[in-house]
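First the structure, in the form of structure tokens, and then the observations on it.
Number of protein chains: 4
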Amino acid sequence: MSNHAILLIHCPDQPGLVAQVTEFVHKNRGNILNLDQHVDRLAGRFFMRIEWDLDGFLIPVDKIDDYFGTLIGQAHGMNWQLHLTRRRPRMVLFVSKASHCLYDLLQRHGTGEFDCEIPAIISNHEQLRYIAERFDIPFHYVPVTQATKAEQEQRTTILLRELGADFIVLARYMQILSDDFCAQWPHRIINIHHSFLPAFKGARPYHSAFERGVKLIGATSHYVTADLDEGPIIAQAVEPVSHHDAIDDLKRIGKDVEKRVLARAVYLQLRHLILPYGNRTIIFS
Amino acid sequence: MSNHAILLIHCPDQPGLVAQVTEFVHKNRGNILNLDQHVDRLAGRFFMRIEWDLDGFLIPVDKIDDYFGTLIGQAHGMNWQLHLTRRRPRMVLFVSKASHCLYDLLQRHGTGEFDCEIPAIISNHEQLRYIAERFDIPFHYVPVTQATKAEQEQRTTILLRELGADFIVLARYMQILSDDFCAQWPHRIINIHHSFLPAFKGARPYHSAFERGVKLIGATSHYVTADLDEGPIIAQAVEPVSHHDAIDDLKRIGKDVEKRVLARAVYLQLRHLILPYGNRTIIFS
Amino acid sequence: MSNHAILLIHCPDQPGLVAQVTEFVHKNRGNILNLDQHVDRLAGRFFMRIEWDLDGFLIPVDKIDDYFGTLIGQAHGMNWQLHLTRRRPRMVLFVSKASHCLYDLLQRHGTGEFDCEIPAIISNHEQLRYIAERFDIPFHYVPVTQATKAEQEQRTTILLRELGADFIVLARYMQILSDDFCAQWPHRIINIHHSFLPAFKGARPYHSAFERGVKLIGATSHYVTADLDEGPIIAQAVEPVSHHDAIDDLKRIGKDVEKRVLARAVYLQLRHLILPYGNRTIIFS
Amino acid sequence: MSNHAILLIHCPDQPGLVAQVTEFVHKNRGNILNLDQHVDRLAGRFFMRIEWDLDGFLIPVDKIDDYFGTLIGQAHGMNWQLHLTRRRPRMVLFVSKASHCLYDLLQRHGTGEFDCEIPAIISNHEQLRYIAERFDIPFHYVPVTQATKAEQEQRTTILLRELGADFIVLARYMQILSDDFCAQWPHRIINIHHSFLPAFKGARPYHSAFERGVKLIGATSHYVTADLDEGPIIAQAVEPVSHHDAIDDLKRIGKDVEKRVLARAVYLQLRHLILPYGNRTIIFS
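Residue numbers (the UniProt record's numbering), protein chains in the order written: chain A, 1 to 285; chain B, 1 to 285; chain C, 1 to 285; chain D, 1 to 285.
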């Protein structure tokens, strides 16, 4: 297991930011492994991701955040997050009835592609319990009705706390989460929408794509915000389709795109390569 | 130059259609070069493209349409078009100020990729006249204002008739054509829209794409109908973009996609590979 | 379950072939569902795939092959195969230690994407037995050494016969099959090679790709012939890579391409959409 | 016109490199606009590209290289190049008979996509002179035979010196350059090869691709070295093909890929985004 620190930073652009941050790492004997920075000139905003080896680093791990803030962050109006790679993140999956994304994520986890824990799968249906059992992952059935929604979200919130969840992946979870729930997990709920957003928002996008006669269909992974299908986009991909493809074919082809795009978002999240800002994301990869 | 006939057919689906059409060609000593058919089961609609060599074909060229209608087409409620490859189609280009699509089409024409005549370029601005001159193609300046629009469209209509135009390509022509004008050229005006429709309809799609933070940008070629950006889609493509790309980069990258997608539509049109039906297209390729 | 017949035909090109085949189907009250034909002008060769509904077809199912041969096939020197969709094909998977393709195929089978039986998984290692067990599919461990190879292939041949195998998929099976074995399963063994053939044949293609500094890596599914990595190609795909990607990243990215390309080949095989000819394939899709 | 400095650096990896380079820029009042660095752990090699604004920079432009070397570069065994954006690079095009890449580059130059001078087009044939004339660019006819090759390369070398050429683009130039000539322009000759290297090296790659029955065709832009088709790869792309595509179709489709891939390489070269190392390239984009 690696022992790295990763800092994700954004702040108003100003001269000398890169020099100061790199010097902070260097003076304290951290070896920089990756550094990527970006300036949005239009917005006058600076973005940076820096990863360094903690072996021999002079500042104790639990003080890094504090020192960085005091020495650099606060003075420059920085917004920063510190991540340590020696702690495996805990990812909870929400599913409904469609199995393809769930299977795909579990398979990638099983083959070592995702370096994380999956403490539980939560579903509003019982259908996919057998898959959870095949992969020896606890399955929680939390049925939702219009009437019980608020109560069930509370129950889910408690469960997530018990599970020590770091973030949530909606692997074709077909319930709309309340604004309150979304607000508790800012940039920590990843959804897969089965269209190339902003085209075909909402329900039944493959039907709409068929109707419109598009020549490519797509999928979009994004962070969930209170605005349905409007959160910051993490990844997108498309596949060509033709008149040969009926709606069922679009669904079949689309499943593959969904799996790929969701897996990419999860990978980026686990490697702390995503820096959301406003309604956009900087992807450091 | 080839001497082929191409029939594009659609009608209600019914048994025996392929057999009858192929027998019509075969009995009259036509050698079938390509045959492609498609059934839209949902709509119960049959679509076919058949291309055959006219050398030795028993029916005189100017009677084929008539014979086919009498012997087969009318009995089955067919909607058909006959095309003869020995006549080079005449394509007229409409442009405004952006040169990339115009250059690209002229270059492809110049290198023999497009088997057609380009009798003229029509523009509401003078800026691109020098390109027309470089390629020795007549350039017609037809300025348009809100007040003169109807009059100028009439003038254009007369010009197109004189030019013997078969179809029109809007190579980033930034005027909206009137419903009347569109109605005169059904499935004979091809437009390039600089977004992946139906996302980002209307003006300034790259700005909208930037705002939304999409990870792919695209272009769409489509037939023009009275409904702006809503006509049948012919071809679409996308390219990945990232946070590195400012709006000017999106425009730069987008230009390439636009050129490619428009060129593809023109190629398909010239080879009679497009069969529009309702708001969709069957692409026989 | 559908009740269709599919004929795959190739023969020297000659006038009237499409008309005769379609008439054969039509006169016997078969409704043509799909028809695709292709002529390789260079080789003077005709290729066709025709699918029709057997409900109400006048010729008994077990006589179709015979009648077609007598009435049409033999007279034109045709090479043809008849497939009936009401019989589910039996696909046997060969694996070694890498799990990603196996998982992917089983998941697609489990979600209904592949309409076939998987009577067994055969492996020269024990490592992936647990996956077979998770999916309730019999697992046969057939270890191979240089000394036992011939004997084990015989054992495998008997096993395949008992299983009623129609075709074999090498889902990252790392043994080279003998010429004799290959010859018994012409166009019935599908392999996935982890490079964009013909680049990087043989072992360790990701290492070679890294060394050469390519900007795209790929995968190729192909029929297995006695010539290693030289059989007819069924499907290929690529993904972009960059200097950020070390060999392990190429492997990770490559796994996704492999899964996709192998799944596509299996899908095409199950739908009888592949017509191999010489060292090439016609893909009717 | 921008007034930036760009440093491309590589050297053995060691702690503190990023900090020192950024501090060099920062202390001398340069505002860092872009910074990208990469470490090849296998090779233990550090790579960096840094771009900063020269307005207000304390070190005079003609001393930057010297100061950087003395203060940082030499001490760390760095290999570096300094580029200044206020000087427009001079790109000379070599062509033979195929016009598509030439047209494409000139069109991009004409629409402002390439920020450079094109002082001349050099060709071993007269065929494309008319295109040079259309774009008002001097055309030099330098015929080559086996016997005159050495002499003509000398003549070309003198011409290039007179033209003040910074780099050369072989836009489908069909002569093999001598080792001597290549050695004079290290990483300053860009070629487009019409295949996905290392597949189909050498002549007639589309014929070979057709023979092998590949499902994708590609193009590769690379720096030219004495080893034909073996130089460091800059960019690659592919397009799908099928059995519908005869060799002429492969050529037609391939032309588009060639244009795109060559234009990408030129763009990267002009922006100083390519850092070659050994037989690979780091692309900072």
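All C-beta atoms, glycine included, are put in the ideal place defined by N, C-alpha and C.
As the structure is a computational prediction, the values presented were derived from the model and not from experiment.
Residue from C:H193, C:T281, C:F200 and C:H244 with nearest C-alpha to I234 (chain C): Taking the third sequence and counting its residues from 1, one reaches residue 234 (chain C) at position 234. If we check each option's Cα against that of I234 (chain C), C:T281 comes out closest.
In chain B, which residues lie with their C-beta within 8 Å of the C-beta of R41 (chain A)? If you number the first sequence from 1, residue 41 (chain A) lands on position 41. Under the 8 Å cutoff, chain B gives A246.
8 Å Cβ cutoff, H4 (chain D) in contact with chain B: Within the fourth sequence, the letter at position 4 stands for residue 4 (chain D). No, its Cβ sits nowhere closer than 8 Å to a Cβ of chain B.
With the cut-off set at 8 Å, would you say C160 (chain D) and V92 (chain D) are in Cβ contact? Locating residue 160 (chain D) in the fourth sequence gives position 160, where the first residue counts as 1. Locating residue 92 (chain D) in the fourth sequence gives position 92, where the first residue counts as 1. The sequence shown places Leu at residue 160 (chain D), not Cys. In this structure, V92 (chain D) lies closer than 8 Å to L160 (chain D) by Cβ.
Return the bridge partner residues of E117 (chain D) from the DSSP annotation. Counting from 1 along the fourth sequence, the entry for residue 117 (chain D) is found at position 117. E117 (chain D) is bridged to D:R90.
Are the CB atoms of I283 (chain A) and L250 (chain A) nearer to each other than 8 Å? In the first sequence, counting from the first residue as 1, residue 283 (chain A) sits at position 283. In the first sequence, counting from the first residue as 1, residue 250 (chain A) sits at position 250. Their beta carbons are not under 8 Å apart, which means I283 (chain A) does not touch L250 (chain A) by this criterion.
Alpha-carbon spacing of G112 (chain B) relative to L275 (chain D), whole angstroms: For the purposes of this step, residue 112 (chain B) is taken as the residue at position 112 of the second sequence. For the purposes of this step, residue 275 (chain D) is taken as the residue at position 275 of the fourth sequence. Their Cα atoms are separated by approximately 38 Å.
If contact means a Cβ-Cβ distance below 8 Å, which residues of the stretch 81-106 of chain B contact chain D? With the criterion set as a beta carbon lying under 8 Å from some beta carbon of chain D, the members of the stretch 81-106 of chain B are S99, H100, Y103 and D104, in sequence order.
Residues that N36 (chain B) contacts on chain C, provided the C-beta gap is smaller than 9 Å: Within the second sequence, residue 36 (chain B) is the residue found at index 36, counting from 1. It is worth fixing the name first, because residue 36 (chain B) is Asp in this sequence and not Asn. Simply L35, D36 and Q37.
Using CA atoms only, rank isn't needed, just tell me which of D:V21, D:N124, D:L8 and D:L84 is closest to D53 (chain D). One-based indexing of the fourth sequence puts residue 53 (chain D) at position 53. Comparing Cα positions, the closest option is D:L84.
Give the straight-line distance between the Cα atoms of F139 (chain A) and R155 (chain A), rounded to the nearest whole angstrom. On the first sequence, position 139 is the one that residue 139 (chain A) refers to. On the first sequence, position 155 is the one that residue 155 (chain A) refers to. Rounded to the nearest angstrom, the two C-alpha atoms are 15 Å apart.
Using 8 Å as the cut-off, can you tell me whether the stretch 204-215 of chain B makes contact with the stretch 70-77 of chain D, which would need three or more C-beta pairs spanning the two stretches below that distance? Touching, no.
Using a Cβ cut-off of 8 Å (strictly closer), state whether residue 341 (chain D) contacts chain A. No answer is possible for residue 341 (chain D): it lies beyond the span of chain D, which begins at 1 and ends at 285.
Counted within 10 angstroms of its Cβ, other Cβ atoms place A164 (chain B) as buried (16 or more) or exposed: For the purposes of this step, residue 164 (chain B) is taken as the residue at position 164 of the second sequence. Note that residue 164 (chain B) is Gly in the sequence shown here, rather than Ala. Here G164 (chain B) is exposed: its Cβ has fewer than 16 other Cβ atoms, across all protein chains shown, within 10 Å.
Does the distance from the CB of S45 (chain C) to the CB of H10 (chain C) come in under 8 Å? Mapped onto the third sequence, residue 45 (chain C) falls at position 45. Mapped onto the third sequence, residue 10 (chain C) falls at position 10. Ser is not the amino acid found at residue 45 (chain C); the sequence shown has Arg there. Going by C-beta atoms, R45 (chain C) is nearer than 8 Å to H10 (chain C).
Of all Cβ atoms in chain D, is any one closer than 8 Å to the Cβ of K259 (chain C)? For the purposes of this step, residue 259 (chain C) is identified with residue 259 of the third sequence, where counting begins at 1. For K259 (chain C), the answer is no, since every Cβ of chain D falls outside 8 Å of its Cβ.
Decide yes or no for the touch test of the stretch 116-130 of chain B against the stretch 23-32 of chain C: beta carbon pairs closer than 8 Å, at least 3 of them. Between the stretch 116-130 of chain B and the stretch 23-32 of chain C there are fewer than three inter-stretch CB-CB distances shorter than 8 Å, so the stretches are not counted as touching.
Please check if any C-beta of chain B sits within less than 8 Å of the C-beta of P186 (chain A). In the first sequence, counting from the first residue as 1, residue 186 (chain A) sits at position 186. Taking Cβ atoms only, chain B never reaches closer than 8 Å to P186 (chain A), which makes this a no.
Between D:A98, D:Y277 and D:V169, which lies nearest to Q269 (chain D) when the distance is taken from Cα to Cα? Position 269 of the fourth sequence holds residue 269 (chain D). Looking at the Cα atoms, D:V169 is the closest of the given residues.
If I measure Cβ to Cβ from H4 (chain A) and keep anything under 7 Å in the same chain, skipping five residues before and after, which residues do I get? Taking the first sequence and counting its residues from 1, one reaches residue 4 (chain A) at position 4. Correct list, in chain order: L33, E51, W52, D53, L54 and T85.
Between K251 (chain C) and chain E, is the shortest Cβ-Cβ distance under 8 Å, so that the two count as touching? Going by chain labels, chain E is absent from the structure shown, which instead holds the protein chains A, B, C and D.
Work out the CA separation of Q236 (chain D) and H193 (chain C) for me, nearest whole Å. On the third sequence, position 193 is the one that residue 193 (chain C) refers to. On the fourth sequence, position 236 is the one that residue 236 (chain D) refers to. Between the C-alpha atoms of H193 (chain C) and Q236 (chain D) there is a straight-line separation of about 20 Å.
Check the Cβ of V238 (chain B) against every Cβ in chain A and list those closer than 7 Å, keeping chain order. Here the question's residue 238 (chain B) lines up with position 238 in the second sequence. Near V238 (chain B) (Cβ distances below 7 Å), the residues of chain A are L216 and V238.
Do H187 (chain C) and I247 (chain C) count as a contact pair if the criterion is CB distance below 8 Å? Position 247 of the third sequence, counted from the first residue, corresponds to residue 247 (chain C). Position 187 of the third sequence, counted from the first residue, corresponds to residue 187 (chain C). One thing to note: I247 (chain C) has its Cβ no nearer than 8 Å to the Cβ of H187 (chain C).
Taking the DSSP output, what are the residues bridged to A235 (chain A)? If you number the first sequence from 1, residue 235 (chain A) lands on position 235. Paired residues: A:S221.
Determine, using beta carbons only, whether A235 (chain B) comes closer than 8 Å to chain A. Along the second sequence, one-based indexing puts residue 235 (chain B) at 235. With 8 Å as the cut-off, A235 (chain B) counts as an interface residue toward chain A.
Please confirm whether P12 (chain B) has its beta-carbon closer than 8 Å to some beta-carbon of chain C. Within the second sequence, numbered from 1, the residue matching residue 12 (chain B) stands at position 12. Not closer than 8 Å to any Cβ of chain C, the Cβ of P12 (chain B) fails to qualify, so no.
Kindly indicate which residue of C:A263, C:F196, C:T225 and C:N279 has the alpha-carbon position closest to the one of P240 (chain C). Locating residue 240 (chain C) in the third sequence gives position 240, where the first residue counts as 1. Nearest C-alpha to P240 (chain C): C:F196.
Please confirm whether Y141 (chain D) and E126 (chain D) have their CB atoms less than 8 Å apart. Your numbering for residue 141 (chain D) matches position 141 in the fourth sequence. Your numbering for residue 126 (chain D) matches position 126 in the fourth sequence. The answer is yes: Cβ separation under 8 Å.
On the criterion of 16 or more Cβ atoms from any shown chain inside 10 Å, does H244 (chain B) qualify as buried, or is it exposed? Your numbering for residue 244 (chain B) matches position 244 in the second sequence. Under this definition H244 (chain B) is an exposed residue.
Beta-carbon separation of I189 (chain B) and S221 (chain B) under 8 Å? In the second sequence, residue 189 (chain B) corresponds to position 189, counting from 1. In the second sequence, residue 221 (chain B) corresponds to position 221, counting from 1. Not a contact, by the Cβ cut-off of 8 Å.
Does the beta carbon of D256 (chain D) come closer than 8 Å to any beta carbon on chain B? For this step, residue 256 (chain D) is matched to residue 256 along the fourth sequence. Yes, because at least one Cβ of chain B sits closer than 8 Å to the Cβ of D256 (chain D).
Taking the alpha helix (DSSP H) that F24 (chain A) belongs to, which residues open and close that run? On the first sequence, residue 24 (chain A) is found 24 positions in, with the first residue counted as 1. Unbroken alpha helix (DSSP H) run through F24 (chain A): L17 to K27.
With DSSP as the reference, label Q37 (chain D) as helix, strand or coil. Looking up residue 37 (chain D) in the fourth sequence gives position 37. Strand at Q37 (chain D).
In three-state DSSP terms, what is E230 (chain A)? Here residue 230 (chain A) refers to the residue found at position 230 of the first sequence. In the displayed model, E230 (chain A) falls within coil according to three-state DSSP, outside both helix and strand.
Whole-angstrom Cβ separation of P89 (chain B) and F167 (chain B), contact assumed at under 8 Å? Locating residue 89 (chain B) in the second sequence gives position 89, where the first residue counts as 1. Locating residue 167 (chain B) in the second sequence gives position 167, where the first residue counts as 1. Between F167 (chain B) and P89 (chain B) the Cβ distance is about 7 Å, and since that is below 8 Å, they are a contact.
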